[in-house]
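From first to last, the protein sequence lines stand for chains Z and C. Plus 4 on top of the position in the first sequence (first one is 1) and you've got the numbering used here. Plus 1338 on top of the position in the second sequence (first one is 1) and you've got the numbering used here. Quick reminder that beta carbons are idealized off the backbone N, C-alpha and C, glycines included. A short write-up of the structure that comes next.
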Amino acid sequence: METRYTIRPREAASESIQAYILENQLCAGDRLPSEREMCSMWNLNRSTLRSALARFVRSGILEVRQGSGIFYIGPKYQRKLQGLKSFKAETTLQARAHESRLLSLEKLECDKRLSRVFQTILGTPLWHLSRLRLAEGIPLEIESSYFLADRFPGIDRYDFVHDSLYRVFEEEYGIIPTQGDETITATRAGAEAALLAIPDEAPIFRIESRTYDQYGQFLEYCRAVARPDRVQLISHMDRISGEEGGL
Amino acid sequence: MSEERINYQSPLYLQLREVIRGKIESGEYPPGTAIPSEHTLAETYGIHRLSVRSAISALIYEGLLKSVQGKGVFVTGEKDERDLETIGGFKQTMEQLGHKPSTRMITKALRPAGNYYGAMLQVSPDAPVFYIKRVCYSEHQPYSLEEIYIPQAIIPEMPHVDLEVFSLYEIYAFYGIEITHVDEMLELEELDAGKARLLDLDPSDAVMKFEGISYDQQGRIVEFARTYTRSDRCSFTVHYQK
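Spelled out as structure tokens, the structure:
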């Protein structure tokens, strides 16, 4: 029953490209060898190599610049799941994103959907903070947070382009985000496509989180959408004994 | 973001998508029932059938709706909420969710690690590695496609092991291997035509791609696994605590 697997040329091509990026520790913007060099290095025919390259281009790993060659776009930005261990940093993404843009910071009234999330009556005033995260000018993620307006009077005086929401919660209002959960689904871009500079209907990550404070009270509801060609989600799982998980 | 930015100036298909989503959430369209036909929706809202179709297609992709050839478009129940922090194989995970799992082996064979998997598994490029490719089903519906690479040195007896009878995690346990941690990465990716067919999807439907490296109690790398999971079948949840 000792079967030997014959690696197909296509697989060999993808593996060679990935290994090349790893072994040569390519950085964002580094150029790959020419198609002809790669074919002779790995003993591949041109069309096999091209179809493998095309896949990496589609998934946002490589980029073809007309007339100058094939370039490595660089590692995707990693967004750590359950990484809200470091609440102050909000997300590792924020630390790596070079720029945040404020889309809105306004008071609004709970609609049907939000009143169900907050378990409050319709019309309860909420703050809505929405930010676009970018790196090197490329949009990565839109984050929209909602929290009760009455608990955070005057929060609109802070500069959320540079400041962290959790820092403000904690240090300015004494309310500490303590636990929560985060749900990841795949969906298609709707109205946010333009802001993220992706085509309408392109697949995107949706990350929905609910956070509770030190009193066990519901604190914040956040919906984020992230570009999958630029953002990857990472997690580190440990075998956990006992129900409650934890970290 | 999507919902709250939708207003009367938004494209009609986006407006309709949120109308339908709202009706599903409020229970006006209950699970198991068909929503009104494309034609009826187009007539009711005075919009083009193509707009209706795009409104619906995204909800099918998200798994809120399911299209049944010749019958219509139906509201599905809640999709599986999978806990990202629970380490476990497919079989175990599905059983915990109360679903009947099954798998179909596509490939189980030895191959040299090669430069890439050699680097991922920290073995030499010539080291023999088991390559397992299989389709996982939940209640007989394709759920995920797994490609698993296990250095032969970890379980030399692997060629004689029947993975139709035992799950990989059961096999690991037989050989005293306990997976103690996994570093995992999640991306969305479009499948090539061959893989899409195995999952009964169109190649344009991006799936959730997990890549994970599993370590045992001695800190050895036991496997590198790549799993393509249909995004309409489940969502993933993580809990955090300070």
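Inset, instruction - For R20(Z), return the contacting residues in chain C, with the cut-off set at a CB-CB distance below 9 Å. - result: Counting from 1 along the first sequence, the entry for residue 20(Z) is found at position 16. At residue 20(Z) the sequence reads Ser, which differs from the Arg that was named. By Cβ distance, chain C contributes G1452, N1453 and Y1454.
Legend entry - Partners in chain Z for R1355(C), counting only beta-carbon separations shorter than 7 Å: Walking along the second sequence from the start, residue 1355(C) turns up at place 17. Within chain Z, the residues near R1355(C) are G194.
Inset, instruction - Please check if any C-beta of chain Z sits within less than 7 Å of the C-beta of A1511(C). - result: On the second sequence, position 173 is the one that residue 1511(C) refers to. Answer no: the Cβ-Cβ gap between A1511(C) and chain Z never drops below 7 Å.
Legend entry - Local Cβ density within 10 Å of E147(Z), reported as buried at 16 or more and exposed below that: Within the first sequence, the letter at position 143 stands for residue 147(Z). That one is buried.
Legend entry - N-terminal and C-terminal residue of the alpha helix (DSSP H) that C114(Z) is part of: In the first sequence, the residue the question calls residue 114(Z) occupies position 110. Careful: C114(Z) lies outside any alpha helix (DSSP H) and carries neither H nor E.
Inset, instruction - Work out the CA separation of E1549(C) and G1532(C) for me, nearest whole Å. - result: Residue numbering aside, residue 1532(C) sits at position 194 when the second sequence is read from its first letter. Residue numbering aside, residue 1549(C) sits at position 211 when the second sequence is read from its first letter. Distance between the alpha carbons of G1532(C) and E1549(C): 19 Å.
Inset, instruction - Return the first residue and the last residue of the beta strand (DSSP E) that S55(Z) is part of. - result: As a first step, residue 55(Z) must be located in the first sequence, where it is residue number 51. Per DSSP, S55(Z) lies in no beta strand (DSSP E) segment; the continuous alpha helix (DSSP H) that holds it begins and ends at R50 to R62.
Legend entry - CA-to-CA distance, P1489(C) to R14(Z), given in whole angstroms: The residue labelled residue 14(Z) in the question sits at position 10 within the first sequence. The residue labelled residue 1489(C) in the question sits at position 151 within the second sequence. If you draw a straight line from the Cα of R14(Z) to the Cα of P1489(C), it comes to about 22 Å.
Inset, instruction - Compute the beta-carbon to beta-carbon distance between Y1469(C) and T1441(C), rounded to the nearest angstrom, for a pair I have assumed lies under 8 Å. - result: As a first step, residue 1469(C) is located in the second sequence; it is residue number 131 there, counting from the start. As a first step, residue 1441(C) is located in the second sequence; it is residue number 103 there, counting from the start. So it is not a contact: roughly 15 Å between Cβ atoms.
Inset, instruction - Quick one: give me the first and last residue of the beta strand (DSSP E) that M1443(C) is part of. - result: Position 105 of the second sequence holds residue 1443(C). First-last of the beta strand (DSSP E) with M1443(C): P1439 to P1450.
Inset, instruction - Within its chain, find whatever has a CB closer than 8 Å to the CB of L130(Z); leave out the 5 residues flanking it on each side and keep chain order. - result: Sequence index remark: in the first sequence, residue 130(Z) carries index 126 (1-based). K111, L112, E113, C114, L118, F122, Y150, F151, L152 and A153.
Inset, instruction - Please confirm if R1449(C) has its CB atom under 7 Å from at least one CB of chain Z. - result: Residue 1449(C) sits at position 111 when you count from the first residue of the second sequence. Cβ-Cβ to chain Z under 7 Å: yes for R1449(C).
Inset, instruction - Compare the Cα-Cα distances from P203(Z) to each of G73(Z), R105(Z) and G194(Z) and report the closest residue. - result: Translated into positions along the first sequence, residue 203(Z) becomes position 199. Comparing Cα-Cα distances from P203(Z) to each of G73(Z), R105(Z) and G194(Z), the minimum goes to G194(Z).
Inset, instruction - Please classify G141(Z): is it buried, with 16 or more other beta-carbons within 10 angstroms of its beta-carbon, or exposed? - result: Within the first sequence, residue 141(Z) is the residue found at index 137, counting from 1. It counts as exposed.
Legend entry - Delimiting residues of the beta strand (DSSP E) encompassing H1519(C): The count along the second sequence starts at 1 and reaches residue 1519(C) at position 181. DSSP places H1519(C) inside the beta strand (DSSP E), whose first and last residues are I1517 to E1527.
Legend entry - Own chain, CB closer than 8 Å to F1512(C), minus 5 neighbours either side, in chain order: Indexing the second sequence from 1 puts residue 1512(C) at position 174. Cβ within range, chain order: F1504.
Inset, instruction - With a threshold of 16 other CB atoms inside 10 Å of the CB of Y1346(C), please say whether the residue is buried or exposed. - result: Locating residue 1346(C) in the second sequence gives position 8, counting from the first residue. With fewer than 16 other Cβ atoms within 10 Å, it is exposed.
Inset, instruction - Show which residues of chain C have a CB atom less than 9 Å away from the CB atom of L26(Z). - result: Residue numbering aside, residue 26(Z) sits at position 22 when the first sequence is read from its first letter. Neighbours of L26(Z) on chain C, chain order: N1453, Y1454, A1457 and M1458.
Inset, instruction - Would you mind telling me which residues of chain Z sit closer than 9 Å to V1411(C), beta carbon to beta carbon, in chain order? - result: Against the second sequence, residue 1411(C) aligns to sequence position 73. Listed along chain Z, no residue sits closer than 9 Å to V1411(C) by beta-carbon distance, the nearest being about 16 Å off.
Inset, instruction - Would you give the residue range spanned by the beta strand (DSSP E) that C43(Z) belongs to? - result: The residue labelled residue 43(Z) in the question sits at position 39 within the first sequence. Segment E39 to W46 is the alpha helix (DSSP H) holding C43(Z); no beta strand (DSSP E) there.
Inset, instruction - Please determine, among M241(Z), S213(Z) and F209(Z), the residue with the shortest C-alpha to C-alpha distance to V235(Z). - result: Position 231 of the first sequence, counted from the start, is the residue given in the question as residue 235(Z). The shortest C-alpha separation from V235(Z) is found at F209(Z).
Inset, instruction - Measure the beta-carbon distance from L66(Z) to A17(Z) and round it to whole angstroms, keeping in mind my assumption that it falls under 8 Å. - result: Stepping through the first sequence from its first residue, residue 66(Z) is reached at position 62. Stepping through the first sequence from its first residue, residue 17(Z) is reached at position 13. At roughly 12 Å, the Cβ-Cβ gap does not stay under 8 Å, so L66(Z) and A17(Z) are not in contact.
Legend entry - Buried or exposed (CB count within 10 angstroms, at least 16 for buried), Y219(Z): To locate residue 219(Z), count along the first sequence from 1; it is residue 215. The residue is exposed, with fewer than 16 neighbouring Cβ atoms inside 10 Å.
Legend entry - Beta-carbon proximity of I179(Z) to D217(Z), cut-off 7 Å: Your numbering for residue 179(Z) matches position 175 in the first sequence. Your numbering for residue 217(Z) matches position 213 in the first sequence. A contact, by the Cβ cut-off of 7 Å.
Inset, instruction - Quick one: give me the first and last residue of the alpha helix (DSSP H) that I25(Z) is part of. - result: Taking the first sequence and counting its residues from 1, the one referred to as residue 25(Z) is at position 21. P13 to E27 is the extent of the alpha helix (DSSP H) around I25(Z).
Legend entry - Q1434(C) burial status per 10 Å Cβ neighbour count (16 or more: buried): As a first step, residue 1434(C) must be located in the second sequence, where it is residue number 96. It counts as exposed.
Inset, instruction - Alpha carbon to alpha carbon, how far is L1379(C) from E1366(C)? Give it in angstroms, no decimals. - result: If you number the second sequence from 1, residue 1366(C) lands on position 28. If you number the second sequence from 1, residue 1379(C) lands on position 41. Approximately 15 Å, taken between the alpha carbons.
Legend entry - Pairwise C-alpha distance: Q29(Z) and G1557(C): Your numbering for residue 1557(C) matches position 219 in the second sequence. Your numbering for residue 29(Z) matches position 25 in the first sequence. The alpha-carbon separation between G1557(C) and Q29(Z) amounts to approximately 24 Å.
Legend entry - Amino acids of chain C, ordered along the chain, whose beta-carbon sits closer than 7 Å to that of P207(Z): Taking the first sequence and counting its residues from 1, the one referred to as residue 207(Z) is at position 203. Near P207(Z) (Cβ distances below 7 Å), the residues of chain C are L1526 and A1544.
Inset, instruction - Return no unless some Cβ of chain C is closer than 7 Å to the Cβ of P232(Z). - result: As a position in the first sequence, residue 232(Z) is number 228, starting the count at 1. It does; some Cβ of chain C falls within 7 Å.
Inset, instruction - Would you mind stating whether I188(Z) and F1574(C) have Cβ atoms separated by less than 7 Å? - result: The sequence position of residue 188(Z) within the first sequence is 184, counting from 1. The sequence position of residue 1574(C) within the second sequence is 236, counting from 1. Going by C-beta atoms, I188(Z) is nearer than 7 Å to F1574(C).
Legend entry - Alpha carbon of V1576(C) to alpha carbon of L1354(C), nearest angstrom: Numbered from 1 along the second sequence, position 238 holds the residue referred to as residue 1576(C). Numbered from 1 along the second sequence, position 16 holds the residue referred to as residue 1354(C). C-alpha separation (whole angstroms): 31 Å.
Legend entry - Residue range of the beta strand (DSSP E) that includes L223(Z): As a position in the first sequence, residue 223(Z) is number 219, starting the count at 1. Its beta strand (DSSP E) spans residues F222 to A230.
Legend entry - CA nearest to the CA of E1484(C), picked from A1534(C), L1388(C), E1516(C) and L1350(C): Residue mapping note: residue 1484(C) aligns to position 146 of the second sequence, counting from 1. Among A1534(C), L1388(C), E1516(C) and L1350(C), the Cα nearest to that of E1484(C) belongs to A1534(C).
Legend entry - N-terminal and C-terminal residue of the alpha helix (DSSP H) that H1377(C) is part of: In the second sequence, residue 1377(C) corresponds to position 39, counting from 1. Run containing H1377(C): E1376 to Y1383, per the alpha helix (DSSP H) assignment.
Inset, instruction - State yes or no: is the beta carbon of E1(Z) nearer than 7 Å to at least one beta carbon in chain C? - result: The question about residue 1(Z) has no answer, for chain Z in this structure spans 5 to 251.
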